[in-house]
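Residue numbers (my numbering): 42 to 665.
Shown next, in the form of C-alpha cells:
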C-alpha cells in the first residue's frame, strides 16, 4: 500500500546536479522565407570543456517577459520567467551540462510572421532550420532533443515530422495528439469554454498585452514579450507585434465546425486537395481545419524519425492522458515510454478523488533528465531495462508498471436496473423497461474541472462533492462492495436511448459513493448522438475502445421514438474503490460549464434497461 504520495518510483529520476551559473544570449534567426524567429540560448556559465547536447523548447506563449524599469535594472537585465515549470526545467538541464534553446514560434512573442493556424506547416519546417543552426554552433555536440508542456509539447512532437537526424528524442508532456477528440470536440461535442478562453488568451498575447488576461497589475511589472539582445527599445519587437495582428482566431473557426472533416471558411488551405495542406508530412485523416494541426495526422512521419518519445499524461488533465496513450500505441519507435500520473495540466498538482489537492512530489525534471541522458548522451542509467509504462493507481497511492497499455484486466459489467440500481445481474428477456429523464441544460461539473486546467495551469483541479450535482442527473448506484475493486484502463458504457430530439449530448460520469454517502468524481465520457455511428474503417491509432470517424458522411441523427444504441468509452483511469463503497454512474444531457449546449429546448430521454436493450457500464478490473 502506498502513502498517497506521487513521488517517483524506485530507481527512477536523476540526482540533482550542483547549481551552476547560466549564461544566456538571444538573437534573431532568419528562416527560408525571411521570417525572423526570436531565440534565446542558455548554457552553463562556466566552460565545460566539452560540446553540449541541446534541448529545444518551442513556445507560443513567449520565451520570457521583459520587466519594466527599474525592476529590470534591479534584476540586472534578467527577464521574467512567467512560466515557472519551464524555468525550473531549464535550470535543471543547464546545471546538468545541457544547452537549452527557447524559440518564439513564428507569429508569436518577439518573432515575426503571422499565424494561419496552430503548428502550421511553415512552423513545423522552422523547427528543422532551428536544429540546423544549433548543430553548426561550436558549443553543440550535434545531438538534439526537444521537450515541452501543452503547446510546446506538441511542437516537440511535430519537430519529428522533419525527420532531422540530429533529433534523437522528444518528450511531449500533457499535450494533444488528436486535436479534434482530445480538446476541441471531445466525443464530438464542442468544448466551447476552452476554445473561447484559449482564443482570448492568445489574442491578448498577440497584441503584446498579457495584462488583459492575467490582470491589470501585470502591466505595472512587464512590457510584454522579451526582446532579443540589441532590441531593448523594442523597435523590432513592435514590428513583430504588428505582424501578429493578422493571426487567425481559433474560437470563430471552431464555431463553424461540427465534423472532423469540416473546413472553416477562414482556413487558408480550404482550396487545397485531399492530399494534404502542405508538402511535408503524409496526412491520414480528411483535411478538416482541426485535423490540419493535429499531431496524429503526421504519425507516419513522426514514426519515421526513429526518435524515442516519452509521453506524459495526467488523470485529471482534460483528455490528455488519453492523448499520451494514443501516441504511445500509435507511434512505435525504440525507447519510447509512457507515464500516467494523478496530475492536472503540467503536473504541478496531485489530484485524487475525495482528497484535497496537494503539490506533486513527482520529480518531473529528474525523470526527463534521465530520459535525455540515455538517448542524447548514451548513459546506461537503467532506463533501457525498465518497464516502458508507469501509471499511478489512485485510492491506493502506488506507482505500477506494465509492458504496454492497458495492463491485463477482467471485465466487470454493471447493468442499469429498476430503482436506480447498478447490478451485475443482466436483465432477463421480457417487456421493455426504461427510465425517463428530462435533460437539465444547467447541469455542469464546476469551475475547476479537468476541462479548465489547460487554461489555468497554476490551479488545482477540484471537483465539489457530487451529491448535489447528481440531483440534476439520472443516476444508478451499486450495492456496497465487499472487497476493494481496482479499475484500470478504459471503462466502456452502452446506453439504449430514445429522445424527443434528433440530436443530443450525452455525458456519463463514473463516481464513488463512500459509506457516508459522499460522492466523488472519478472519470467521465461524452458523446454527441449525431456521431454515434461506429466506423468500420481501420482506426487511426491502435485503441482498445470503440472508434468513430466523426466525419460528415457518417452522421446519424436520432429518429424520434426509435431506440438508438450509444456505445463509447470513458476517459482512462486507474482507481481503487474501497470496500464498503458503492459505484455510481450519472447520466446527463449537458455540461454547461464547459461544452456547447445544442440549440432548442431540453429534450426528454428514456434510458432502456430490458433484456434486448441492456444499458450498462463495463469496468476493466485488475485482480489484486
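Where a beta carbon is used, it is the ideal one built from N, C-alpha and C, also for glycine.
- The C-alpha of residue 439 lies about 8 Å from the C-alpha of residue 44.
- Sorting 451, 175, 567 and 130 by C-alpha distance to the C-alpha of residue 93 places 175 at the top.
- Exclusion of the five residues before and after residue 633 leaves 482, 483, 484 and 485 as the residues of its chain whose Cβ lies within less than 8 Å of its Cβ.
- Under the three-state reduction of DSSP, residue 308 is assigned to coil, being neither helix nor strand.
- Under DSSP, residue 85 shares a beta bridge with 63.
- Residue nearest to residue 536 within the set 458, 585 and 435 is 458 (criterion: CA-CA distance).
- With at least 16 other beta carbons inside 10 angstroms of its own, residue 538 counts as buried.
- Between the segment 87 to 107 and the segment 131 to 151 there are three or more C-beta pairs closer than 8 Å, enough to call the two in contact.
- In this structure, 130 is the residue among 130, 516 and 531 with its C-alpha nearest to the C-alpha of residue 389.
- Going by beta carbons, residue 374 and residue 346 fall inside the 9 Å limit.
- Counting the other Cβ atoms within 10 Å of the Cβ of residue 106 gives 16 or more, which makes it buried.
- Collapsing the DSSP output to three states places residue 367 in a helix.
- If you draw a straight line from the Cα of residue 53 to the Cα of residue 408, it is about 6 Å long.
- Residue 529 carries a strand assignment under DSSP once its states are collapsed to helix, strand and coil.
- Linking residue 496 to residue 490 through their CA atoms gives a straight-line distance of about 11 Å.
- Ranking 351, 567 and 265 by CA distance to the CA of residue 425 puts 351 first.
- Distance from the Cα of residue 205 is smallest, within the candidate group 518, 398 and 342, for 342.
- Nearest Cα to residue 450 within the set 391, 615, 291 and 400: 615.
- Put simply, the backbone Cα of residue 339 is about 50 Å away from that of residue 472.
- Rounded to the nearest angstrom, the gap between the Cα atoms of residue 296 and residue 215 is 25 Å.
- Contact between residue 79 and residue 104 holds: CB atoms are separated by about 7 Å, below the 8 Å threshold.
- Under a 10 Å Cβ-count criterion, residue 627 is classified as buried, with 16 or more other Cβ atoms of the shown protein chains found around its own Cβ.
- Contact annotation: residue 454 and residue 659 have beta-carbon atoms nearer than 9 Å.
- The segment 139 to 153 makes contact with the segment 279 to 290; the number of CB pairs closer than 8 Å reaches 3 or more.
- Pairing residue 170 with residue 70 gives a Cβ-Cβ distance under 9 Å.
- At the C-beta level, residue 608 and residue 300 stay beyond 9 Å of one another.
- Residue 81 is positioned such that its CB atom lies no closer than 9 Å to that of residue 372.
- Distance between residue 251 and residue 238, taken at the CA atoms: about 13 Å.
- Counting every other CB atom within 10 Å of its CB across the protein chains shown gives residue 452 a total below 16, marking it as exposed.
- By the C-beta criterion, the segment 403 to 423 is judged not to be in contact with the segment 560 to 575, since fewer than 3 inter-stretch pairs fall below 8 Å.
- Closest by C-alpha distance to residue 617, out of 163, 201 and 523, is 523.
- Between residue 514 and residue 550, the C-beta spacing is below 9 Å.
- In this structure, the straight-line span from the alpha carbon of residue 187 to that of residue 653 is close to 52 Å.
- Residue 479 and residue 556 have their alpha carbons spaced roughly 29 Å apart.
- A direct Cα-to-Cα measurement between residue 466 and residue 163 gives close to 57 Å.
- Taking C-beta atoms under 8 Å as the contact rule, residue 597 and residue 622 fail to qualify, at a distance of about 37 Å.
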